[in-house]
Each structure stands twice: as structure tokens, then as C-alpha cells.
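J.:
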Amino acid sequence: MCFLGLELLNLPVQPIYTFSSMSKHFETNSIRISTSKSNQKEHSAPLYLTSSFTFDSAEEARATFAEELDGNIYSRYANPNSSDLIEKICAAEGTEDGIATASGMAAMFASIAALLQQGDHVLAARSLFGSTHQLLTRVFPKWGITSTYGDISDYLNWEKLIQPNTKMLFIETPSNPGLEIIDLEWAGKFAKAHGLILVVDNCFATPYLQQPAKWGADIVTHSATKYIDGQGRVLGGLILGRQELIKQVQFFTRHTGPAISPFNAWILSKSMETLAVRMDRHCSNALKVASEFESHSSVIAVKYPFLKSHPQHNLALKQMSQGGGVVTLDLHGGIERAKRFIDSLKMISITANLGDSRSIITHPASTTHSKLSEVERQQVGITDGLIRLSVGLEHHEDIISDVAQALDRSN
Ligand SMILES: Cc1ncc(COP(=O)(O)O)c(C=O)c1O
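The numbering of the sequence shown is numbering that gives the first Met the number 0, which starts it at 0 and goes up by one.
(1) Does the beta carbon of L234 fall short of 7 Å from some heavy atom of ligand 1?
(2) How is the beta strand (DSSP E) around A216 delimited, first residue to last?
(3) Give every residue of the same chain whose Cβ lies closer than 6 Å to the Cβ of T17, excluding the five residues on either side of it in the sequence, and list them in chain order.
(4) With a 10 Å radius around its C-beta and 16 neighbouring C-beta atoms as the bar for buried, classify I299 as buried or exposed.
(5) Using C-beta distances below 8 Å, list every residue in its chain close to V421, excluding the 5 sequence neighbours before and after it, in chain order.
(6) When every heavy atom of ligand 1 is checked, does at least one fall within less than 7 Å of the C-beta of N175?
(7) For the segment 110 to 118 against the segment 88 to 97, are there 3 or more C-beta pairs whose distance is under 8 Å?
(8) Would you kindly check if the distance between the Cβ of S102 and the Cβ of S174 is under 8 Å?
(9) Using the beta-carbon count (16 or more within 10 Å), is I151 buried or exposed?
(10) Could you check whether the Cβ of K225 sits closer than 7 Å to any heavy atom belonging to ligand 1?
(11) Would you list the one or two residues that DSSP bridges to S56?
(12) Tell me which same chain residues have a C-beta within less than 6 Å of the C-beta of V301, skipping the five on either side of it?
(13) Which full runs of the alpha helix (DSSP H) of 4+ residues lie inside the segment 155 to 189, going along the chain?
(14) Apply the 10 Å Cβ neighbour rule to H368 and answer buried if 16 or more other Cβ atoms are within range, or exposed otherwise.
(15) Less than 8 Å between C-beta atoms, sequence neighbours within five positions excluded: which residues of the same chain meet that for H395?
(16) Quick one: what's got a C-beta closer than 7 Å to W414's C-beta in the same chain, skipping five residues either side?
(17) Have a look at S82 and A65 and give me their C-alpha separation to the nearest angstrom.
(18) Could you check if L406 is buried or exposed, using at least 16 other CB atoms within 10 Å of its CB as the buried criterion?
(19) Can you give me the C-alpha to C-alpha distance between T361 and T252, rounded to a whole angstrom?
(20) Alpha carbon to alpha carbon, how far is T205 from I227?
(21) Note down, in chain order, each residue of its chain lying with its Cβ closer than 7 Å to the Cβ of E335, except the 5 sequence neighbours on either side.
Here it is, written out as C-alpha cells:
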């Protein structure tokens, strides 16, 4: 479990709302878990914009470094703002401990680099965020860590993909951008049966909709840049899981330095307070948008986990409480139509982010997943006409009318 360490700052310590006194309700924990109050008695957690922390004596410094005393040392290791964020997210995910990093990719990189050695092998689901794919196929092989992809339509075949040196199972569900759903129960059992570390990127679902640790995930990662921030302001990443594994990742991050800034951690911790209400609205808006365009003549297919037509709809119902905020539309007319459609939008933003209060459109084939080869894109269903719509918090009628007019004008 993480510590907040304020006792050592000589501040009067108020009772902290911690793990042991957690509520059974997501919303309450996300709001009430907090650093203890300083002597200013502020109501909202302050920003600890400091690189290091002081000690009252040489002995206290020694003992803190030796981990005989809990306490903050240096913000590359921990800071009250990052600890505050980690404490909240651990409560949300049901994990023992965690680390906050400068970006989602720093979290993906650190969780693999810290837990594997040269000569190890990762088995991963084929549908992964573009940069995670680059890590596995182009970065880690340089250090002798290799990977193989499995197709989720073919679970029975995954046994055959395991090698004597396979150490990790890495998945993302729902996947970006294909919205493929991987059976977390299956993944948890499969990983356990083969002694693999199961890593789940839970960025699209957020802990409000799905908690992979419940199904046996050893490590849960996030791009906190997305729904956890929720307003497109800051980058951040999270690595959460069993303490024994997190300790190993902590050693790696302390000495390689991908720490989150206190300011970004403070923003993300504040954002956790509204995650539940925001996700409720993202999900209800997304379901309305998906249903509206499901049978539109310009659209080959609309994909959304909580539409009955989604190929893994029942699985989504089993492991997610709602369908998330992302909808994909596969347009007739390929790349040219997709570009005309995007250029015809009046309100929805054209940008590569997602999970923002503002609705966002992205063309994965030419942006986020453009570094994949055409074959690699086809294998994960990223067609030239595929549009990823991150449904925001505007009124659903305005989102629907912008998409509808752009479909008409681009016809
Ligand atoms: C599923 C997923 N994982 C990881 C990342 C990387 O996160 P970041 O951009 O915060 O580095 C993203 C970014 O879009 C993502 O969608």
C-alpha cells in the first residue's frame, strides 16, 4: 500500500481516509481519499510543487532511505500528489499498490521492461494501441525481448503460441481502436495456468466500468491522459497491481525516472472525483450515437460494445458495467470518404486524443495506427474507412446532428 508521508513534514496529521477505511462505493473513495490536511486546513488537496523533501536529522534521512521510516524523499520516487492519485486509483481498481508515470506509454514501457529480462517472450493480443505495438515489435526486440500475437477469435490456439520463455500475457480490452473485447476471465485463468504475468491496459474502460484485477490481472495499466483526466489537459500513466510486482517496477522507475509531475498528478487526482459521473454521460451519449447510425446507408458497420450487433456483446455485458465512450464507424468509400466526412464536421474536434469532454474524431489508419503496415492494420480491422469517435459530454443531439450532417455532405 502506498504512503502519504506527511507526518515527516511536521504537519499536523489528520486522520487519512485510507484503504482500511474505504467505502464500498467507487464515487466516495474517488472523492474522499486524500492526503492529510496541512496546517492551513485546506479543504481541497494542495499542490506539492517540490522536487525534494527535507529531513530533521541525518539519522532521519538515513532511516528514510533505508525504508525503515515511511516518508517522502524526492519527487522522482514519490510525492504527496502522486501518492494521493495512486491511493485513489488503487481503491478504484482493487489493487494493492501502484506507480504514476509521465504518460501512458511510460507506464506500458516500464511494466514490461521492469518485469522481463533479455531472452523473455511476451504473448499479446494482436489488437493493441499503435505505440504499444511499436514497443513490442520494434523497441523490445533490440534488448532480446520478443513477442507473438494471438487473435482473439482463436483462443484455443493460444496454447500453441506459448514458448518455453513466455513470461507475460499483454492485452487491451476494449482495444484501441477496434473495440475488440477479450475475455478477462479466460485471460486470468490462462495466465495462471501457464505462470504468466497478466498485464491489462484498462484505458478504454476505466476502473469505473471494469476492474481487470478481479479477473486475475497481475498488472493493470492506464493512459490517464484519456478518461482519467477527461478534459484533454495533461499526460499521465498508471501501473497498478500486486505489491510484490509493483516493488520491482518501482525499482525500475525510481532509477530510470519516468515520474509524473506533481502538477499532473494533482490534476488527475481531482479528475478522479468526477470520473463516475463523467463516464455515465460518456457511455449514455455513446450508446445513443451508436444506435442512431447503426443502419445509416453511408456506414458499413458501427461498433460499440453495448450494441447487440457487437461480435462480443455478451462478453462486454459480463465484464463491463457500461459500453465506454468510443464508437467506431466504418464508412463506405474508403479513405477519400473518411477524409471528406472529417472535413465536413462543424463541432467535433479533429485530434488524436480521446476521453475528452469534447467529442473527438480520429482516422486511425492515417494517424494513430499509421506506422502499422497495411497487413497489420487489416489483421486488426483498421480499414481505410474506419473512423474512431470519442463521444464527449456535449448534448447528444448536437453530437448526432454534427455526425449526420457530415455524413450527408461527404456523400
Ligand atoms: C489504449 C491506450 N494505451 C496507451 C496509450 C498511450 O498513452 P499516452 O498517450 O498517455 O502515452 C493510449 C493513447 O492513446 C491508448 O489509447
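Every residue, glycine too, gets a C-beta built ideally from N, C-alpha and C.
T.: For this structure:
(1) yes
(2) Here A216 belongs to no beta strand (DSSP E), and DSSP marks it neither H nor E.
(3) Caution is warranted here: a pLDDT of 45 is assigned to T17, below 50, making its placement in the model unreliable, and no coordinate value can be reported.
(4) exposed
(5) As displayed, the chain neither begins before 0 nor continues past 410, which places residue 421 out of reach and without an answer.
(6) yes
(7) no
(8) no
(9) buried
(10) yes
(11) According to DSSP, S56 bridges with nothing at all.
(12) A289, F292, E293 and L328
(13) 157 to 160
(14) buried
(15) S283, N284, K287 and V288
(16) Look at the range of the chain in this structure, 0 to 410, and you will see that residue 414 is not part of it.
(17) 19 Å
(18) buried
(19) 32 Å
(20) 7 Å
(21) none
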